[in-house]
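Quick notes on the structure that follows.
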Amino acid sequence: MKLRLLACCSPPAVRPGSLTGHGLVPACGLGVLSSVRTEWDPLDVRFGTKQPYQVLTVECSISVDKEPMADSCIYECVRHKIQCVSVTRIPLRSKAISCCRNVTEDKLILGCEDSSVILYETHRRVTVLAQAELLPSLISCHPSGAILLIGSNQGQLQIFDMALSPINIQLLAEDRSPRETLQFKKFFDVSSSLVEMQWIAPQVVSKKPESGDIYDLLFLKFDRGPLGVLLFKLGIFTQGQLGLVDIIFQYIHCDEICEAINILSSMNWDTLGYQCFISMTAIVNHLLRQKLTPEREGQT
Numbered sequence: 147m148k149l150r151l152l153a154c155c156s157p158p159a160v161r162p163g164s165l166t167g168h169g170l171v172p173a174c175g176l177g178v179l180s181s182v183r184t185e186w187d188p189l190d191v192r193f194g195t196k197q198p199y200q201v202l203t204v205e206c207s208i209s210v211d212k213e214p215m216a217d218s219c220i221y222e223c224v225r226h227k228i229q230c231v232s233v234t235r236i237p238l239r240s241k242a243i244s245c246c247r248n249v250t251e252d253k254l255i256l257g258c259e260d261s262s263v264i265l266y267e268t269h270r271r272v273t274v275l276a277q278a279e280l281l282p283s284l285i286s287c288h289p290s291g292a293i294l295l296i297g298s299n300q301g302q303l304q305i306f307d308m309a310l311s312p313i314n315i316q317l318l319a320e321d322r323s324p325r326e327t328l329q330f331k332k333f334f335d336v337s338s339s340l341v342e343m344q345w346i347a348p349q350v351v352s353k354k355p356e357s358g359d360i361y362d363l364l365f366l367k368f369d370r371g372p373l374g375v376l377l378f379k380l381g382i383f384t385q386g387q388l389g390l391v392d393i394i395f396q397y398i399h400c401d402e403i404c405e406a407i408n409i410l411s412s413m414n415w416d417t418l419g420y421q422c423f424i425s426m427t428a429i430v431n432h433l434l435r436q437k438l439t440p441e442r443e444g445q446t
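The sequence shown begins at 147 in this note's numbering and counts up by one.
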């Protein structure tokens with residue numbers, strides 16, 4: 147078994163006038179402060195954005211029945227020591243090959259070898275599954291937390307909302323028919339693999355719905371080139387916004403109520419109470435204006 151380490155670094159010495167802890171010390175190298183061995187192979191390791199002394203990992207594990215699983219672990223750096231304080235085991239149909247967390251870190255998305263996409267919601271402790279049309283080698287969550295993008299190394303792209311309902315892609319071109327996937331090789335010569343995609347946004351995104359910030363540019367990087375930027379036209383109804391409330395209103399406008407309800411069900415009332423109330427009111431008002439049928443009755 148290969149050795150797997152998490153390392154938290156700090157300056158080996160603190161000089162007068164310098165910052166302590168994780169601060170920067172001029173003209174001084176980095177030293178290993180602490181390390182810990184993970185139980186399984188880590189798929190992703192990052193510092194938490196809400197708790198700076200926490201390290202979040204996703205580890206590819208196996209159940210007692212030899213079934214593939216993913217462990218979502220939280221490590222804490224306390225008094226120069228790293229220790230695991232929480233492990234959440236998520237059952238999978240096949241081995242995870244990619245993962246992503248949303249901005250608020252209460253949702254974990256996993257891409258698997260059989261092209262399945264798994265969404266684990268921390269606040270509800272539920273797992274949602276969807277089947278992608280491509281191999282999910284890359285996953286990127288929009289800064290607003292409303293949609294996620296699945297990418298393959300072959301240069302294909304598919305969009306899901308945060309309830310894992312697929313969203314069709316329509317190009318601003320002569321052929322206006324929407325498609326489930328976007329294939330870059332149909333539009334320009336790509337001889338290498340897609341290795342990175344990232345939304346162009348600040349690391350700390352404002353969570354206030356009235357902030358007015360628009361994030362509609364996706365950076366694309368292919369192995370050995372080229373580099374590209376994909377511009378999303380998000381529509382006039384949302385004024386370019388792509389938050390959870392905005393996408394729910396878009397679903398209501400298109401009379402796709404089931405998708406709107408699924409988004410609302412995935413939202414956390416503890417942290418998004420105002421947005422949840424607005425969304426619920428809009429859905430109920432729309433249903434009350436419709437003719438009562440057995441299908442509508444089931445939705446209410």
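Note that CB positions come from ideal geometry on N, CA and C, so glycine has one too.
What is the DSSP secondary structure of residue i, reduced to helix, strand or coil?
i: Ser-164; result: Note that Ser-164 scores a pLDDT of 33, beneath 50, so its modelled location is shaky and nothing firm can be said.
i: Met-215; result: strand
i: Lys-196; result: coil
i: Met-426; result: helix
i: Ala-276; result: strand
i: Cys-287; result: strand
i: Gly-301; result: coil
i: Leu-295; result: strand
i: Pro-440; result: helix
i: Leu-434; result: helix
i: Gln-128; result: The chain is shown only over 147 to 446; residue 128 falls outside these bounds and no answer can be derived.
Roughly how many whole angstroms lie between the Cα atoms of residue i and residue j?
i: Pro-348; j: Ser-286; result: 15 Å
i: Phe-334; j: Gly-374; result: 11 Å
i: Asp-190; j: Phe-306; result: 21 Å
i: Arg-435; j: Ala-216; result: 44 Å
i: Gln-302; j: Leu-295; result: 10 Å
i: Ile-208; j: Ser-240; result: 10 Å
i: Met-426; j: Leu-363; result: 29 Å
i: Ile-315; j: Val-201; result: 35 Å
i: Asp-260; j: Leu-275; result: 12 Å
For the beta strand (DSSP E) that residue i lies in, which residues bound it at each end?
i: Phe-365; result: 363 to 368
i: Met-343; result: 340 to 345
Just curious, the alpha helix (DSSP H) that residue i is in, first and last residue?
i: Ser-283; result: Neither: Ser-283 is in no alpha helix (DSSP H) and is coded neither H nor E.
i: Ile-393; result: 390 to 399
i: Leu-373; result: Premise fails: Leu-373 lies in the beta strand (DSSP E), 373 to 377, not in any alpha helix (DSSP H).
i: Glu-405; result: 403 to 412
DSSP puts residue i in a beta bridge; with which residues?
i: Arg-188; result: It should be pointed out that residue 188 corresponds to Pro in this sequence rather than to Arg. In the DSSP output, where bridge partners are listed per residue, Pro-188 has Glu-205.
**Start-end ranges of the beta strand (DSSP E) lying completely within the stretch 218 to 267, minimum 3 residues** = The stretch 218 to 267 contains these whole beta strand (DSSP E) runs: 227 to 237, 242 to 247, 253 to 258, 262 to 267.
**Request:** Return the chain-ordered ranges of every beta strand (DSSP E) run that is complete within the stretch 303 to 338 and spans a minimum of 3 residues.
**Result:** 327 to 329
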